[in-house]
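Position in the sequence shown counted from 1, then plus 803, gives you our numbering. One structure below.
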Amino acid sequence: MKYFKNRNYSKIRMDNGRVCIGITGLIGSGKSTITEKFNIQYNAAVIDLDKVAHSLYDVREDVVEKIAAVFGDSVRSGTSIDRKALGSLVFGKGREENKKKLEAIVWPALAEELEKKKQQYSGLSASKRRFCMMHNGKH
């Protein structure tokens with residue numbers, strides 16, 4: 804696996820003949836537009852990491868349990884995590900330690916889910932596997 808970094812700080816990874824490109828940026832910076840164009844023009848597979856990360860709070864029972872153990876049952880909403888309640892504990896001035904605790908739970912699970920998603924694309928036609936776009940709205 805090789806990594807290339809361009810001058811705009813985007814990471815490009817060579818993975819078994821595929822090019823995996825991570826697209827990051829602030830809200831309204833054109834990430835969705837770029838990934839849509841790659842999908843249409845090059846038949847690229849697109850993985851939206853925001854959607855994958857959000858799904859962790861709903862479908863990954865282990866993630867929900869770990870978050871509730873650290874932040875309390877007040878962040879639960881049934882079998883899911885109430886992202887608004889969690890956000891009030893994690894984001895904002897003076898909450899950096901809580902954010903680090905959350906990232907320590909979510910990032911490893913997100914990496915696992917990303918690998919699963921990439922494996923789903925391994926059976927696609929060669930043209931579809933040429934690009935693997937990873938889209939993340941956080942910068």
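Where a beta carbon is used, it is the ideal one built from N, C-alpha and C, also for glycine. Quick caveat, the model's predicted, so the values are computed rather than measured.
Beta-carbon to beta-carbon, isoleucine 830 and lysine 920 are separated by about 23 angstroms, too far to satisfy the 8 angstroms threshold. When the alpha-carbon of leucine 905 is set against those of Phe874, Ala888, Glu916 and Gly897, the nearest one is in Phe874. Taking a contact as a CB-CB distance under 8 angstroms, the pair leucine 917 and leucine 852 counts as one, their CB atoms being some 7 angstroms apart.
The continuous alpha helix (DSSP H) containing alanine 888 extends over residues 886-893. Exclusion of the five residues before and after isoleucine 908 leaves Val866, Lys869, Ile870 and Val873 as the residues of its chain whose Cβ lies within less than 8 angstroms of its Cβ. Per the coordinates, the alpha-carbon of glycine 895 lies some 23 angstroms from the alpha-carbon of valine 855. Isoleucine 870 carries a helical assignment under DSSP once its states are collapsed to helix, strand and coil. DSSP places isoleucine 850 inside the beta strand (DSSP E), whose first and last residues are 848-851.
For isoleucine 843, the number of other beta carbons within 10 angstroms of its own is below 16, and it is reported as exposed. Threonine 838 sits in a helix when the DSSP states are folded into three classes.
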